[in-house]
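Student: Residue numbers (full-length UniProt numbering), protein chains in the order written: chain A, 1 to 455; chain B, 1 to 455.
2 protein chains.
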Amino acid sequence: MKKASKIIIGILGVSTVTAGVINYKLGEKVKSLEVEISEKKDQNKQIEIKHQDLGKELSRVIDDKVSIENRTKDIERTNQYLIELFNGFNGITYEQLSLIPSNIHGSAFPHNQLHYKLIGELGLPSSQNLWFYETYISSLNFERKVPNWVCQRIEIQDFKEKIADRKHCNFNNNTIQVPHHFKQENKDYWGSGWSKGHMVPAGDNIKSQESMCQTFLLNSNIVPQDLNNNQNFWYRLESFCKNQLINRFKSVTIISGPIYHHPNLIEQLDEDQLKSRPKYSKQTQKKFVKYEVIGDRNVAVPNYLFKIILVEPKDDNNNNKQQQPYLVSSFLIPNEPISSDAVLTDYQVPLHEIEVKTGLQFFKKLNPKTDIQSLCDSDPINCMMMTEKDLLPRLIGFCRSTKDINDLKNEYKHINWGDSLTNLLNSKSLEINQIEELKNQERLLKKQQEEQSKN
Amino acid sequence: MKKASKIIIGILGVSTVTAGVINYKLGEKVKSLEVEISEKKDQNKQIEIKHQDLGKELSRVIDDKVSIENRTKDIERTNQYLIELFNGFNGITYEQLSLIPSNIHGSAFPHNQLHYKLIGELGLPSSQNLWFYETYISSLNFERKVPNWVCQRIEIQDFKEKIADRKHCNFNNNTIQVPHHFKQENKDYWGSGWSKGHMVPAGDNIKSQESMCQTFLLNSNIVPQDLNNNQNFWYRLESFCKNQLINRFKSVTIISGPIYHHPNLIEQLDEDQLKSRPKYSKQTQKKFVKYEVIGDRNVAVPNYLFKIILVEPKDDNNNNKQQQPYLVSSFLIPNEPISSDAVLTDYQVPLHEIEVKTGLQFFKKLNPKTDIQSLCDSDPINCMMMTEKDLLPRLIGFCRSTKDINDLKNEYKHINWGDSLTNLLNSKSLEINQIEELKNQERLLKKQQEEQSKN
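Written out as structure tokens, the structure is:
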């Protein structure tokens with residue numbers, strides 16, 4: 001192996017230059033590498049590694065740096081544009097956004113495996129005002145003051161340990177990404193008759209108090225929902241996902257949201273309207289979209305809710321996981337009381353229908369022909385929700401007075417309650433009696449004290 | 001200056017190593033730089049420039065490369081996310097998006113000075129489904145099948161030369177970024193009584209046929225608009241911007257779009273509704289948002305249109321341009337016929353009101369306290385639109401029959417037409433007479449030919 005070395009030192013103009021050239025042999029050829037250190041007057045010290053008559057292989061170090069720099073500039077330019085998009089959030093700058101503690105406030109950026117998986121494997125339904133929380137992603141609608149959609153993924157290990165409790169969470173609008181004048185407020189719901197409906201269920205987040213409380217954020221996860229629907233059919237649907245599907249499948253991805261489109265709101269024009277039609281109008285009827293808005297902030301009440309469920313089959317024994325398609329079914333549920341004997345498939349619709357009504361695009365990364373099959377059609381058991389009887393323990397838990405107990409008994413008198421449910425109801429009844437008794441005693445005591453103080 | 005050089009050649013395991021260390025003096029200190037070239041068996045040749053006991057200054061080259069690489073990775077990750085966002089467009093990949101010829105189809109990316117200025121100086125109203133055309137930016141609403149907003153900027157030189165002509169453009173939905181099932185179609189308007197209302201006026205694009213035709217794209221720039229409103233008040237407003245404001249100001253930025261919020265749609269609950277109210281409801285009336293939808297695609301008809309005008313003062317003689325604030329005024333216009341004696345300020349509203357009703361945020365990059373003043377309040381002449389009389393030449397141009405001429409005369413009989421307008425009307429009348437005469441002759445001729453052929 002040939003070896004050579006040479007050091008050149010010179011003073012060029014105002015620069016002090018120290019440089020070395022190394023000649024060496026690679027294969028049959030002699031190559032040289034020049035290193036130059038210059039210290040210009042009135043400037044910072046500079047170092048350059050130059051290549052001189054080098055073969056392709058040897059100039060890689062230098063070229064790498066140059067090409068990395070170019071690449072950095074290119075993607076930085078596109079990135080500047082991204083930053084601009086994010087400035088959509090309440091005027092917060094990119095730098096400020098990246099400093100937000102995501103465990104408390106969520107973040108404008110994807111920051112955990114769940115986010116990357118949902119983005120990378122499935123694709124997101126839209127890009128409007130995205131916000132990333134520990135266990136879900138939300139797209140916020142600033143006009144309607146509710147989420148456009150929320151997307152979550154649950155697996156069996158999410159329910160192994162119950163750490164979080166609802167009683168430590170409150171509905172609140174501490175959503176820093178939402179400008180003040182676009183915020184829902186708790187008082188918008190007062191007296192409206194609408195309940196605050198979780199899109200991502202609080203109960204899917206028992207393993208972390210922080211992530212449970214992130215489901216109580218008004219603009220990110222809450223829409224005005226019919227109370228009966230919320231506590232009955234919607235609750236059964238949520239339970240179906242977390243009690244049944246996660247046992248049968250590796251993971252369950254759920255996208256939920258409001259729908260404002262109203263397919264059947266058609267009004268016939270009356271005689272006056274027919275006469276005053278504009279030129280060229282041949283309409284005798286008109287179609288409308290109409291939805292209620294509540295409170296000072298005009299929070300939009302959805303006409304329907306949608307839930308799209310995508311499950312990932314468990315790896316089979318032969319490790320053929322790649323060939324197993326995802327299973328998907330989608331449901332369109334009126335935002336009104338739903339009969340307790342309704343079943344899930346009563347509300348099944350094609351995914352396409354929800355897309356047209358919402359303007360969202362679901363699972364863009366999947367090929368609908370090869371990657372997806374129907375969840376409900378593949379095996380009927382996949383879409384069998386819990387019955388109204390299974391729902392009773394929760395409804396008993398909701399009772400707050402003897403009247404509530406009697407109402408419930410009355411409403412479900414067609415059901416054979418059996419010993420277990422009857423015992424549960426009786427013990428709840430006893431509990432309520434005791435509380436009511438205590439309150440009565442308190443009231444009596446107060447009255448006596450008042451009378452004594454008068455005397 | 002001290003100088004030193006050392007070459008090490010060795011065979012380490014399976015590797016052939018050629019390395020040089022250069023010692024040199026910078027200031028008072030002796031430094032060394034090690035260069036190592038290794039050629040591992042069964043692998044590609046590798047070069048490493050190592051630093052060994054180097055001062056901070058000298059290790060910069062190496063550190064630079066490492067830090068650039070890290071930075072590249074960081075912004076690439078964020079960038080991947082951006083790419084995902086863009087996949088929202090019709091499943092088109094980032095690579096495909098960047099290959100679209102923007103002069104024909106527009107682009108998902110900002111690509112000219114106008115775009116960078118609007119983004120950088122003012123900020124965009126929202127980030128939903130953005131698309132960049134030669135002379136405007138549009139945000140598309142896939143649910144309502146219309147734009148959320150369009151933003152354009154006009155200057156006096158845009159009207160120096162008339163190259164483009166409307167007759168070479170057609171309304172079309174050749175908007176590749178819009179998935180098929182979210183597209184408006186021309187036939188959605190047929191017989192609906194609604195006209196196709198340009199948000200960016202075609203007439204603001206006379207200097208390029210391509211950019212004029214880009215204003216005829218249905219989902220990007222067209223909403224269902226009342227025909228009278230479109231041809232009269234809205235036209236006067238557009239003319240006011242392009243004939244008056246651009247003469248007085250350096251540039252005129254205009255944001256236009258539809259509004260669906262309906263502030264006054266309040267319905268009292270009747271007795272039955274009061275009885276069937278859900279628990280906890282104390283409402284005796286309900287507020288609603290309601291809007292018409294037309295055609296198979298349910299294109300949403302706005303209840304109002306908004307136009308926000310921001311002007312940039314001309315540089316003054318003292319070059320104090322930086323201290324001059326932008327002037328802004330915003331207008332909320334019912335989507336219905338508007339009286340021909342209405343003036344612009346009748347429809348002026350605070351910017352804030354349009355934000356609350358649309359969920360958009362205007363001019364996020366500007367400080368409303370220091371950067372913006374009111375256009376209309378700063379000088380009344382700034383908001384004086386052309387009168388109905390100024391409008392007559394255009395209305396005469398719209399006439400297609402003797403009946404149209406007579407209708408127009410009748411509608412504007414309260415106005416003193418004067419010689420110039422009367423002459424214009426007479427010559428139009430003559431033109432129509434000649435055309436009608438020709439058509440009559442044609443019809444007669446055809447009839448005669450038919451009779452001859454029968455014989």
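Glycine included, each C-beta is placed from N, C-alpha and C at the ideal position.
Give the residues of chain B in contact with residue 175 of chain A, contact being defined as C-beta atoms less than 7 Å apart.
Tutor: Residues of chain B passing the Cβ test: none, with the nearest at roughly 14 Å.
Student: Anything in chain A within Cβ reach of residue 277 of chain B, meaning under 9 Å, just list it in chain order.
Tutor: 193
Student: Just to confirm before moving on: does the CB-CB distance between residue 110 of chain A and residue 149 of chain A stay below 8 Å?
Tutor: no
Student: How would you list, in chain order, the residues of chain B whose beta-carbon sits under 8 Å from the beta-carbon of residue 287 of chain A?
Tutor: Residues of chain B passing the Cβ test: 292, 293, 294 and 298.
Student: Would you call the CB atoms of residue 269 of chain A and residue 284 of chain A closer than 8 Å?
Tutor: yes
Student: For the region 353-382 of chain A, which residues have a beta carbon sitting closer than 8 Å to at least one beta carbon of chain B?
Tutor: 355, 356, 357, 358, 359, 360, 361, 364 and 365
Student: Going along the region 401-428 of chain B in order, which residues come within less than 9 Å of chain A, judged by CB to CB distance?
Tutor: none
Student: From the DSSP secondary-structure annotation, give me the bridge partner or partners of residue 149 of chain A.
Tutor: A:139
Student: Assuming residue 266 of chain A and residue 357 of chain A form a contact by the criterion Cβ under 8 Å, report the distance between their Cβ atoms to the nearest whole angstrom.
Tutor: About 16 Å; that fails the 8 Å criterion.
Student: Just checking: is the beta-carbon of residue 340 of chain B within a distance shorter than 8 Å of some beta-carbon in chain A?
Tutor: no
Student: Quick one: is residue 219 of chain A buried, meaning 16 or more other Cβ sit within 10 Å of its Cβ, or exposed?
Tutor: buried
Student: Contact criterion: CB-CB distance below 8 Å. Does residue 76 of chain B meet it with respect to chain A?
Tutor: Interface annotation, residue 76 of chain B: in contact with chain A, CB-CB separation under 8 Å.
Student: Applying the criterion that 16 or more other CB atoms from any shown protein chain within 10 Å of the CB defines a buried residue, is residue 152 of chain A buried or exposed?
Tutor: buried
Student: Please classify residue 440 of chain B: is it buried, with 16 or more other beta-carbons within 10 angstroms of its beta-carbon, or exposed?
Tutor: exposed
Student: What three-state label does DSSP hand residue 234 of chain A in the structure shown?
Tutor: helix
Student: Using the beta-carbon of each residue, which ones in chain B are nearer than 8 Å to residue 283 of chain A?
Tutor: Here the neighbours are 191, 192 and 193.
Student: Over the uninterrupted alpha helix (DSSP H) stretch that includes residue 116 of chain A, give me the two end residues.
Tutor: The continuous alpha helix (DSSP H) containing residue 116 of chain A extends over residues 113-117.
Student: Are the C-beta of residue 68 of chain B and some C-beta of chain A separated by less than 8 Å?
Tutor: For residue 68 of chain B, the answer is yes, since a Cβ of chain A falls inside 8 Å of its Cβ.
Student: Residues in the same chain with beta-carbon distance under 7 Å from residue 383 of chain B, minus the five sequence neighbours each way, listed in chain order, please.
Tutor: The residues 329, 344, 345, 375 and 376, in chain order, have a CB closer than 7 Å to that of residue 383 of chain B in the same chain once the five nearest residues on each side in sequence are set aside.
Student: Since I believe residue 402 of chain B is in contact with residue 431 of chain B (beta carbons under 8 Å), could you give me their beta-carbon distance rounded to a whole number of angstroms?
Tutor: With 8 Å as the limit, residue 431 of chain B and residue 402 of chain B do not qualify as a contact, their Cβ atoms being about 11 Å apart.
Student: Is residue 257 of chain B helix, strand or coil by DSSP?
Tutor: strand
Student: Name the chain A residues that come within less than 8 Å of residue 180 of chain B, Cβ to Cβ?
Tutor: Here the premise fails: no neighbours, minimum Cβ distance about 10 Å.
Student: Below 7 Å CB to CB, which residues in the same chain sit around residue 336 of chain A once its five sequence neighbours on both sides are set aside?
Tutor: 226 and 229
Student: Please classify residue 93 of chain A as buried or exposed, where buried requires at least 16 neighbouring CB atoms within 10 angstroms.
Tutor: exposed
Student: Closer than 9 Å, Cβ to Cβ, to anything on chain A: give me those residues from the region 125-136 of chain B, in chain order.
Tutor: 125, 126, 127, 128, 129 and 130
Student: Which of helix, strand or coil does DSSP assign to residue 202 of chain A?
Tutor: helix
Student: Work out the CA separation of residue 241 of chain A and residue 169 of chain A for me, nearest whole Å.
Tutor: 23 Å
Student: Helix, strand or coil: which one does DSSP assign to residue 334 of chain A?
Tutor: Three-state result, residue 334 of chain A: strand.
Student: Can you tell me where the beta strand (DSSP E) holding residue 224 of chain B begins and where it ends?
Tutor: Counting along the chain, the beta strand (DSSP E) containing residue 224 of chain B begins and ends at 222-225.
Student: Can you give me the start and stop residues for the beta strand (DSSP E) that residue 374 of chain A sits inside?
Tutor: 372-374
Student: Give the C-beta separation of residue 216 of chain B and residue 264 of chain B to the nearest angstrom, bearing in mind that I take them to be a contact with Cβ-Cβ under 8 Å.
Tutor: The pair is not a contact, with the Cβ atoms about 34 Å apart (cut-off 8 Å).
Student: Entirely within the region 348-424 of chain B and at least 3 residues each: give me those beta strand (DSSP E) ranges in chain order.
Tutor: 372-374
Student: So residue 252 of chain B and residue 311 of chain B are supposed to be a Cβ contact under 8 Å. How far apart are they, rounded?
Tutor: 5 Å
Student: So if DSSP puts residue 309 of chain B in a beta bridge, which residue, or which two residues, is it bridged to?
Tutor: B:254 and B:329
Student: Out of curiosity, what's the CA-to-CA distance linking residue 161 of chain A and residue 424 of chain A?
Tutor: Distance between the alpha carbons of residue 161 of chain A and residue 424 of chain A is about 24 Å.
Student: Is any beta-carbon of chain B found at less than 8 Å from that of residue 10 of chain A?
Tutor: Only weak support is given to the placement of residue 10 of chain A: the predicted model assigns it a pLDDT of 27, under 50, and the question is left unresolved by the model.
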